[in-house]
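Protein sequences appear in the order of chains L and G. Quick note on my numbering: the first sequence kicks off at 261 and runs consecutively. Quick note on my numbering: the second sequence kicks off at 17 and runs consecutively. By construction, the Cβ of each residue, glycine as well, lies at the ideal position given by its N, Cα and C atoms.
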Amino acid sequence: MTSDGEIIHFDNVGLRYGTDREVLSDLTFTLYAGRFYFLTGASGAGKTSLLRLLYLAQRPSRGAIRMFGTDAITLPRAQLPVMRRRIGVVFQDFRLIEHLSAFDNVALPLRVAGHAEKDIAGPVRDILEWVGLTDRIDASPATLSGGEQQRVAIARAVIARPAMLVADEPTGNVDPDMAAKLIRLFEMLNRQGTTVVVATHDLDLLRKVPDSLIMRLDKGRLSDPTGALRYPPRKLT
Amino acid sequence: MRRSSVLGRWFTAGSRVELIPQGRMSGPMPWVIAIMVAMTAIALAAGLALGNAVSAAKAEIDGGVTVQIIEPRADVREAQAARAVEAIKTIPGVAGLRQVPQAELDALIEPWLGTGIAAATGSAIPVPALIDVRLNGPASAAQLAAIAKRVTPVAPSARIDAQSNWLRPVFDAMVSLQVLAMVIVALLAGALAAAVLLAARSALGANRDTIEIVHLLGGTDAQVARVFQRSIGYDAAGGGAVGLALAMVVILTLGRRFEGLGAGLVDSGALVWSDWLILAVVPVLATLLAMLTARLTVLHALRKML
Chain L
261 MTSDGEIIHF
271 DNVGLRYGTD
281 REVLSDLTFT
291 LYAGRFYFLT
301 GASGAGKTSL
311 LRLLYLAQRP
321 SRGAIRMFGT
331 DAITLPRAQL
341 PVMRRRIGVV
351 FQDFRLIEHL
361 SAFDNVALPL
371 RVAGHAEKDI
381 AGPVRDILEW
391 VGLTDRIDAS
401 PATLSGGEQQ
411 RVAIARAVIA
421 RPAMLVADEP
431 TGNVDPDMAA
441 KLIRLFEMLN
451 RQGTTVVVAT
461 HDLDLLRKVP
471 DSLIMRLDKG
481 RLSDPTGALR
491 YPPRKLT
Chain G
17 MRRSSVLGRW
27 FTAGSRVELI
37 PQGRMSGPMP
47 WVIAIMVAMT
57 AIALAAGLAL
67 GNAVSAAKAE
77 IDGGVTVQII
87 EPRADVREAQ
97 AARAVEAIKT
107 IPGVAGLRQV
117 PQAELDALIE
127 PWLGTGIAAA
137 TGSAIPVPAL
147 IDVRLNGPAS
157 AAQLAAIAKR
167 VTPVAPSARI
177 DAQSNWLRPV
187 FDAMVSLQVL
197 AMVIVALLAG
207 ALAAAVLLAA
217 RSALGANRDT
227 IEIVHLLGGT
237 DAQVARVFQR
247 SIGYDAAGGG
257 AVGLALAMVV
267 ILTLGRRFEG
277 LGAGLVDSGA
287 LVWSDWLILA
297 VVPVLATLLA
307 MLTARLTVLH
317 ALRKML
């Protein structure tokens, strides 16, 4: 993170898959620490592609990206894991590992980071309690409901206390009540200092987080309905 | 050959859950490795046995020289043989000599011609007189020439040969077989590596989603490779042990059969304890080779992913 609270900066970024036309064009914006961002846009607008750039699953075709003060374009491949550990991801389709229990799915980022087993059980139980899944700790993903799977995915994304949480349509597969609960979870996390980026096409959600900033994608180009991207908020204290 | 659930474990020590289920990774691999190890051990045992036979035979006859007195007249033959023995005794580098007794010579031809030839035909078969000479070192051309120089004047019917010359084609054939056995061992090692490579690629494809998630959560290539390497290592160790046991049964059975032949050259090819030690190392090397192949294959494949 830079001194002015900037954690992500995109400069004229474009992305194309193969030789097709660009799915993202001329993206220039900055994300700041501790903010809550909604990324909106119609289906096919490029939300998932932009999130993939944010969680380093994809490199752009052009432009520059700076993440946590480091040039993410020239970052050697060997250093990607360290950068990725600072980013929590909630996938649209959860992407839980089917043969692992809820506990082991949530423990995955800690094990990847090399934590000792004795240091894993406590935090994993705490986070599963936080998302209300204490009684489903040993359940396999196949036996969990959509909402429960989503909460396991969120728990997995935040267990390692990432600097930024990226969620792709996290409420797309759950009922409105559960969607509201999930957004409250994100808000709680955001209040603890994590930058949150939630991609959604559900405009009702935006009203549920009053201080959120909105990024709108339209055919791969970014608009700035709140002005927050063109006129960034002051440094947070 | 399904093993316990501790296989294909997590990255951290002490964890007992599987990142990638072992059943999805191994398949027929332990059996393929078992067959490869068995064939390798058998080929290696053959190579070692041939090597032992060649070494033993060479040690025995390397310094051996045979002097034949090829003379049909028995009295002349005996006289020349006696003079040749005396002449050879004076040559430097001769460790010992022995004139083969007539009774032994008769015994040599008895299986083909029978006994009582002299009584039946009135004259004995003119078998050459044989003098078996032992030199201190291998029989070189210079030493053969020195022997000829001393023997020929006193025994003009003498023919002098290094014993190793007679068996050279046999030795050459045995060495060729030994080389062939080693080539087979190398080919089997290559085939094992290829089989592991295919298995690792297949397992990578089958577990691509899991690997991608682990990557996105900050997992390193080395961590992912370690999971595959360890899993294939277990497969190789189990398969290798079974393969070695199979090979032992085959080698011991063949050994017993060859012992029954009672042929000197074959007997000298028996495996010694150091050979058994080398055979025992085969599954260990196969396991290391399989793990190394799996690691390199997985790392190579992962480098193509972001």
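- Non-local C-beta neighbours of Gln410 of chain L in its own chain, meaning closer than 7 angstroms and more than five positions away in sequence, comprise Phe354, Pro430, Asn433, Val434, Leu442, ordered along the chain.
- For His316 of chain G, there is no enclosing beta strand (DSSP E); the enclosing alpha helix (DSSP H) covers residues 289 to 318.
- Taking 4 residues as the minimum length, the alpha helix (DSSP H) runs contained wholly in the segment 397 to 422 of chain L are 406 to 418, in order along the chain.
- Collapsing the DSSP output to three states places Thr226 of chain G in a helix.
- Neighbours of Gln239 of chain G in chain L, taken as residues whose beta carbon is under 7 angstroms from its own, are Val372 in chain order.
- Of all C-beta pairs linking the segment 105 to 121 of chain G to the segment 138 to 152 of chain G, three or more are shorter than 8 angstroms, placing the two stretches in contact.
- For Met475 of chain L, the enclosing beta strand (DSSP E) has its first and last residue at 473 to 478.
- Taken atom to atom, the span from the alpha-carbon of Pro169 of chain G to that of Asp291 of chain G is near 50 angstroms.
- Here Leu233 of chain G is not near Val426 of chain L, since their CB atoms are 8 angstroms or more apart.
- With distances taken between CA atoms, Thr106 of chain G lies nearest to G:Gln159 out of G:Gln159, G:Thr56, G:Pro142, G:Gly221.
- Note on the segment 105 to 139 of chain G: whole alpha helix (DSSP H) runs with a minimum of 4 residues are 118 to 129, 133 to 137, in chain order.
- Near chain L, meaning a CB-to-CB distance below 7 angstroms, the residues of the segment 230 to 256 of chain G are Val230, Leu232, Leu233, Gly234, Gly235, Thr236, Gln239.
- At a cut-off of 3 residues, the continuous stretches assigned as beta strand (DSSP E) that sit fully inside the segment 172 to 249 of chain G are 174 to 178.
- Beta bridge pairing from DSSP links Phe296 of chain L with L:Val456.
- Contact between Lys468 of chain L and Ala440 of chain L holds, with the beta-carbon distance rounding to 7 angstroms and staying under 8 angstroms.
- Taking every protein chain shown into account, the CB of Gln339 of chain L has fewer than 16 other CB atoms within 10 angstroms, so this residue is exposed.
- Counting only the Cα atoms, Gly480 of chain L lies some 13 angstroms from Tyr277 of chain L.
- Residue pairing for Thr290 of chain L: DSSP places it in a beta bridge opposite L:His269.
- Chain L places no beta carbon closer than 8 angstroms to that of Thr313 of chain G, leaving this residue out of the contacts.
- Interface with chain L (8 angstroms Cβ-Cβ cutoff): Leu322 of chain G is included.
- C-alpha of Ile49 of chain G to C-alpha of Gln239 of chain G: approximately 24 angstroms in a straight line.
- By the neighbour-count criterion, in which a residue is buried when 16 or more other Cβ atoms sit within 10 angstroms of its Cβ, Gly221 of chain G is exposed.
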